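In the order they appear, the protein sequences are chains A and B.
Residue 1415 is where the first sequence starts when you use the numbering used here, and the numbers rise one by one after that.
Residue 3 is where the second sequence starts when you use the numbering used here, and the numbers rise one by one after that.
The block underneath contains the structure these notes are about, expressed in structure tokens.
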Amino acid sequence: MKKSVYFGVLTVASLAAGAAAAGTLDDVKARGKLNCGVTTGLVGFAAPDANGVWEGFDVALCRAVAAAVLGDGNSVEFVPTTGKTRFTALASGEIDMLARNTTWTFSRDVDLKFEFVGVNYYDGQGFMVPKELGVTSAKDLDGATVCIQTGTTTELNLADFFRANNISYEPVPIETNAEAQQQYLAGACDVYTTDASGLAATRATFEKPGDHILLPEIISKEPLAPLVRHGDSEWADVVRWTLNALISAEEYGITKANAEEMSKGSDNPEINRILGSEGTLGEMLGLDNAWAKRAIMVGGNYGEIFDANIGESTPIALSRGLNAQWTKGGLLYSPPFR
Amino acid sequence: MSNTHADTVAFVRDTMLPQQEPPPSSVGAVGWARANLFSGWFNTILTFVSILVIGFVLYEILSWVFSPTWNAGSLRECREILSAGGEATRGACWGVIRERWIQLLFGFYPADLYWRPILAFILLGVALAPVLFADKVPSQLIWFSAIYPFLFPWLLWGGTIWGPLSALAGFVIGYFVFKALSEVTSTLIGIIAAVVAALLWWLVLSGYVVDALNSILPIGIQAVESRNFGGFMLSITIGVVAIACSLPLGIVLALGRQSDLMIVKYICVGFIEFVRGVPLITLLFVASVLLNLFLPPGTTFDIILRVLIMVTLFASAYMAEVIRGGLAALPKGQYEGADSLGLNYWQAQRLVIMPQALKISIPGIVSTFIGVFKDTTLVSIIGLLDPLGLSNAIRADSNWNGVVWELYGFIAAMFFIFCFSMSRYSMYLERKLRTGHR
């Protein structure tokens, strides 16, 4: 008896889940707010400022989606998630999308039943060492002590790399990036390894950043991607094409400043289709035709968002590298708006 | 005989000498130092070594603490100020506290509504006064304490006034049902019926009534979402609620555990042992993760409410064991004495047993309180921005990335103030209640 009630509740719950998940777009519109999962704090990617306003590279994508769907880049509830709560928060419907520097992997995509909608930052695991160590390549690191965050993919990548090159290392397990900075500066380890963007951000905080170098080897692929729940393709399309719109906007030179003017019509039909002066792409998504224009006008195109949050003019000073447009030797390649 | 003798021994004095001051080297600061610090060559060496160590530590800490960086806008500016002052690069970067202390206190609570949490916590002091300092305030104030549990959430979360009023109405309904039924039938039936009636009201009826009343008379203050709670406000809210609810729950559980009614007893034992057998962080994960998966999507079961319930249950299990310790310490004669006076179970508990048992358990109870208050920092693991969670978020601002000690120092100082005052209060209470068998 008890068991059947329990299963009954589960069935009802999962049916309801299916019903609710079928219309995230409608849910968001009805609610008037986008619930966007972000990290509890990662330099350049998401952080609240002194007034509690969230800023950062991942945050900008949330705002762009909110602007596309709801017309206002501020109609976002930012839900801080930790590495442990992020996937359940998404699966349970507490958040509509997750933009939390999450690496797109096979098992997360397939086994955890999520849908990654595209890559917004191509990262990779790198090494930072003090200059005085005289090391120029990661292959010289035989016998080094390495600060590494436990329970991450970086830990596994590190083991793979050292084994493949037949050299030894001594891990110094640490829990958080802040702890790693202290340990590394105190000399508890010779090398600090984590995502290259994190290394750059960490090095920027040092008193003498010039005393430390990032080694040229990048030993893993970490495509950071926003994701949504499986089984709601309409909503996935909205997020995916908002990201693509930001990327295409950079490719075609649409900026925050000129989007309004260009939307009146231009010679390039692709631009017209993106900005909605030609065709009915917005309606196909279940939005209006100005959706992409609004998304671009919140924080600018992909390049502007990059420069404002993590680009070379910021303290983090990341170069575009892999995250340049395909026309400039990078990997950003948006499918055509047609 | 004696007279001649007195004359012959000239060195025997027959008058009293006037009393003299003790030698300056054995009184006052010098005397104290001689007696305690320099009472032998070994102690003298130890004293000098200790002075050197303390002086070194103090010099290091104070030269770090007193650093002219209050107005800096970023870690870089701090370093510029420090290196311009020629003090190499040591020194705290207090700019981060200047910029973020309000955020560390209130989280993301709307700035124009800060008066509400402040008022709530001031009134908390007023409401606690009749409980904590019963002999110093008018006893009518206890009525305010009774209303306060409904005022507190209303001030913090805002919204319609009818919500807390209908919660209050549940208790009133329960009371009248109990009163009506217990006179006709037995007390037990009265209690059960009252609980059922109150639950029926809270879970089924009150929602409609609140909506209806709100559409007729929309009185209320601006609502604030739980997501905006953060910083010390969040810690104190969770701590206060858990502390206030866990004491009565703990008493009930402790009594239940000693009860002769088998079902009651085993339910209490099972609950206590289960909750004490799992770490708090597990319960928090259940609150944040599992409940979310089991509840149908769309149900908004507030995350802070879930955390509050879990922390309260956790604290009450520990509280029950602390109070059981107090009950066990009472001599059996006290129970028998109460029986011999003809008191029934509840009268005996209220008048004889509990006052003594609670008095014995005060240090344990306050320890549990302090522990619960500090455990609230665990909520940062499930993504709530308590002070520790916020310190991480603040470091994620590229201006302050790399600031560690200043933030943790500030948070530690705040926690120390709260915990230390709790511990001092418990000592005051012990002294006050000491009826003395010594």
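Cβ coordinates follow ideal geometry from the N, Cα and C atoms, glycine included.
Keep in mind it's a predicted model, so treat the numbers as computed, not measured.
* To do: Compute the minimum distance between the beta carbon of Leu1599 of chain A and the heavy atoms of the ligand FAD, and state whether it is under 6 angstroms.
  => Ligands are entirely absent from the displayed structure, and the ligand FAD is therefore not among its contents.
* Near Ser27 of chain B, what residues of its chain come up, given a Cβ to Cβ distance below 8 angstroms and the 5 sequence neighbours on each side ignored? -> Gly33, Arg36
* Contacting positions in the stretch 1486–1498 of chain A - beta carbon closer than 9 angstroms to chain C -> Absent from the structure is chain C; the protein chains it does hold are A and B.
* Under the DSSP definition of a beta bridge, which residues are partnered with Gln1739 of chain A? -> A:Leu1746
* Tell me whether Ile1633 of chain A sits in a helix, a strand or coil according to DSSP, three-state version. => coil
* Report yes if the CB atom of Trp203 of chain B is closer than 7 angstroms to the CB atom of Ile238 of chain B, and no otherwise. => no
* Asked: For Gly1532 of chain A, which three-state DSSP category applies?
  -> coil
* For Gln1595 of chain A, name the three-state secondary structure that DSSP assigns. => helix
* Any idea which residues DSSP pairs Glu1469 of chain A with across the strands? -> A:Ala1461
* To do: Determine whether the Cβ of Leu1732 of chain A lies closer than 7 angstroms to any Cβ atom of chain B.
  => no
* **Ordered list of alpha helix (DSSP H) runs contained in the stretch 1553–1608 of chain A, each at least 4 residues** => 1567–1578, 1591–1599
* **Own chain residues within Cβ distance below 7 angstroms of Gly1470 of chain A, not counting five before or after** => Gly1458, Phe1459, Ala1460, Ala1461, Asn1723
* Identity of the residue in B:Gly127, B:Trp159, B:Ser228, B:Leu158 nearest Phe146 of chain B by Cα -> B:Gly127
* **Contiguous alpha helix (DSSP H) assignments of at least 4 residues, all confined to the stretch 266–301 of chain B** => 282–287, 293–296
* **8 angstroms Cβ cut-off: residues of chain A touching Ile384 of chain B** => Thr1496, Lys1498, Thr1499
* To do: Hey, could you find the ends of the beta strand (DSSP E) Ile1627 of chain A is sitting in?
  => 1626–1628
* To do: Please work out which residues of its chain come closer than 7 angstroms, Cβ to Cβ, to Leu409 of chain B, disregarding the five sequence neighbours upstream and downstream, and give them in chain order.
  => Val98, Ser393, Ile396
* **Host beta strand (DSSP E) of Phe1541 of chain A (start-end)** => 1539–1544
* Asked: If Thr371 of chain B sits next to Ala319 of chain B, beta carbons under 8 angstroms apart, how far is it from one beta carbon to the other, in whole angstroms?
  -> Sequence check: residue 371 of chain B is Phe here, not Thr. Not quite, the Cβ-Cβ distance comes to about 14 angstroms (not below 8 angstroms), so this is no contact.
* Asked: Does DSSP classify Thr162 of chain B as helix, strand or coil?
  -> strand
* Chain-ordered neighbours of Val381 of chain B on chain A, where CB pairs are closer than 7 angstroms -> Near Val381 of chain B there are no residues of chain A at all, since even the closest Cβ is about 11 angstroms away, more than 7 angstroms.
* **Separation of Gly57 of chain B from Ser228 of chain B, as counted between CA atoms** => 47 angstroms
* Asked: Are the stretch 323–343 of chain B and the stretch 251–258 of chain B in contact at 8 angstroms, needing three or more beta carbon pairs?
  -> yes
* To do: Count the other CB atoms, across all protein chains shown, that sit within 10 Å of the CB of Trp407 of chain B; report buried if there are 16 or more and exposed otherwise.
  => exposed
* **Cutoff 6 angstroms; reference Gly1 of chain B; Cβ partners in own chain excluding five residues on either side** => No answer is possible for residue 1 of chain B: it lies beyond the span of chain B, which begins at 3 and ends at 440.
* Would you say Cys1561 of chain A and Gln1597 of chain A are within 7 angstroms of each other, going by their C-beta atoms? -> yes
* Asked: For the beta strand (DSSP E) that contains Tyr1449 of chain A, what are its first and last residues?
  -> Sequence inspection shows Asn at residue 1449 of chain A; the Tyr mentioned does not correspond to that position. First-last of the beta strand (DSSP E) with Asn1449 of chain A: 1448–1453.
* Give me the Cα-Cα distance between Arg433 of chain B and Arg426 of chain B, rounded to the nearest whole angstrom. => 11 angstroms
* Taking the beta strand (DSSP E) that Glu1491 of chain A falls in, what are its first and last residues? -> 1490–1495
* Asked: Ala1464 of chain A CB to nearest chain B CB: under 7 angstroms?
  -> yes
* Inside the stretch 1643–1708 of chain A only - beta strand (DSSP E) runs reaching at least 3 residues -> none
* **Counterpart residues of Leu1638 of chain A in DSSP-defined beta bridges** => A:Thr1517, A:Tyr1535
* With a cut-off of 7 angstroms, does the C-beta of Asn73 of chain B fall near any C-beta of chain A? -> no
* Asked: What three-state label does DSSP hand Met321 of chain B in the structure shown?
  -> helix
* To do: Reducing DSSP to helix, strand and coil, say where Leu219 of chain B ends up.
  => coil
* Taking only beta-carbon atoms, is Glu1589 of chain A less than 7 angstroms away from chain B? -> no
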